[in-house]
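Residue numbers (the UniProt record's numbering): 1 to 152. Just so you know, even glycine gets a beta-carbon here, dropped at the ideal spot from N, CA and C. In this text the structure is predicted, and so the values were computed from the model without any measurement. Accompanying notes for the structure given below.
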């Protein structure tokens, strides 16, 4: 089940923070860069981030995947975070989260997402859903961030 998550709920916040650190540590290893912003979050900075989170929640109430969005400019929506617990990889959770956001915001003309160029599973996932690469930025020596757009 996918539902909106409230960062004002302490249990939700703690589960999300733990999930974020497990998931983004793996991305950091993949791309060779451990300064990924979500890894720098504390529970307080996560609670205050201003993003809208949606979670894939198991039957026992565990958040096993989450996606976050934010409006950075009018007419677009940025997918700012995507995470799935490694114990639940390859179950379609990330795809379900993307589909949920695309359907929920089907009136938005442009969706934006970025990921490490070396994070091939994420790159493949976004391309599967029609996102096209539009820019590559070097964020540290040997570390590139690829930005994708999906026009609706």
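Check your understanding: Is DSSP giving residue 50 helix, strand or coil here?
Key -> In the structure shown, the three-state DSSP call for residue 50 is coil.
Review point. Tell me, which residues are paired with residue 133 by DSSP?
Key: The partner list for residue 133 (beta bridge, DSSP) reads 148.
**Study point:** Cut-off 7 Å between Cβ atoms - residues of its own chain near residue 101, not counting five sequence neighbours on either side
**Key:** Excluding positions up to five away in sequence, the list reads 54, 67, 69 and 79.
**Study point:** Residue span of the alpha helix (DSSP H) that contains residue 93, given as start and end
**Key:** Where residue 93 is concerned, the enclosing alpha helix (DSSP H) stretches over 93-104.
Point to revise | Own chain residues within Cβ distance below 8 Å of residue 76, not counting five before or after | key: 108, 109, 110, 111 and 112.
Review point. Anyone know if the C-beta pair for residue 13 and residue 19 falls short of 8 Å?
Key: Contact: no.
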